[in-house]
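So the structure is just underneath, and the comments pick up after that.
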Amino acid sequence: MVVPAQGREKSARNDLGPEEEPSLDEPQTVADAVVQVSRKHVVALTPSTDGVRTEEDQKRAQREFIAFETWYLRVAGNPDPYNHAKHRSDYNDYWLCAYPAAGYTLVTKDGRLREALRAGGCDDPRFVSLAEGLSLAEAWLAGR
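Just so we're aligned: the sequence shown equals residues 7 to 150 in this note's numbering.
See the structure below:
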């Protein structure tokens, strides 16, 4: 949401005074929102709730997605506007974060993405560097 403020545009979040700053546990709020939306769809599409993960298991499974959302929320709240045009790949990166929840480990040379996940609170992202990906593949081949 963008509102005009004295001749220039600022986000509504930045117009708040220090005493008006919302108290927000970002990682927990984002995690709860992601789980609520995903569980709503899973429950609607599943005939039985027997196979539905617990909320904690769901948060663990979707940790990269939650971390990217948390990171994005933080950069959107910065005093300097976030330059979407400069970071067009963020949209694709956002949707890549859904794959690890389905059991994939993603190999990428994009250090910025891996750093965003760590900054968003994911200490063990299933996004690995090319060298780590090659090591995983070699270990898998050696074990066959």
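Backbone N, C-alpha and C fix where the C-beta goes; we use that ideal spot for every residue, glycine too.
Remember, it's a predicted structure, so these values are computed and weren't measured experimentally.
Note down the Cα distance separating residue i from residue j, rounded to an integer number of angstroms.
| i | j | result |
| --- | --- | --- |
| Arg113 | Ala104 | Note on identity: in this sequence residue 113 is Val, with Arg being the wrong assignment. About 14 angstroms. |
| Gln12 | Lys92 | In this prediction, Gln12 scores a pLDDT of 47, lower than 50, which makes its location untrustworthy; no coordinate-derived value is stated. |
| Arg150 | Asp63 | 30 angstroms |
| Ala107 | Glu144 | 23 angstroms |
From the beta carbon of residue i, is the nearest beta carbon of chain B less than 8 angstroms away?
| i | result |
| --- | --- |
| Pro85 | Of the chains in the structure shown, none is chain B; there is only one protein chain. |
Between the Cα of residue i and the Cα atoms of the options, which residue gives the shortest distance?
| i | options | result |
| --- | --- | --- |
| Tyr97 | Glu75, Thr60, Gln42 and Arg150 | Glu75 |
| Gln34 | Arg120, Ser95, Pro85 and Arg66 | Arg66 |
| Tyr2 | Ala148, Asp56 and Pro131 | Lying before the first or after the last residue shown, residue 2 is absent from the chain, which here runs from 7 to 150. |
Where does the unbroken alpha helix (DSSP H) through residue i begin, and where does it stop?
| i | result |
| --- | --- |
| Asp63 | Glu61 to Ala67 |
| Ser135 | Looking at the DSSP string, Ser135 is not in any alpha helix (DSSP H), and its letter there is neither H nor E. |
| Ala125 | Gly117 to Ala125 |
| Asn98 | Asp96 to Leu102 |
Per DSSP, what are the beta-bridge partners of residue i in this structure?
| i | result |
| --- | --- |
| Leu112 | Phe133 |
Report yes or no: do three or more beta-carbon pairs, one from the stretch 124-137 and one from the stretch 68-86, lie closer than 8 angstroms?
-> Using a Cβ-Cβ distance cut-off of 8 angstroms, the stretch 124-137 and the stretch 68-86 are in contact, since at least three pairs of beta carbons, one from each stretch, lie closer than that value.
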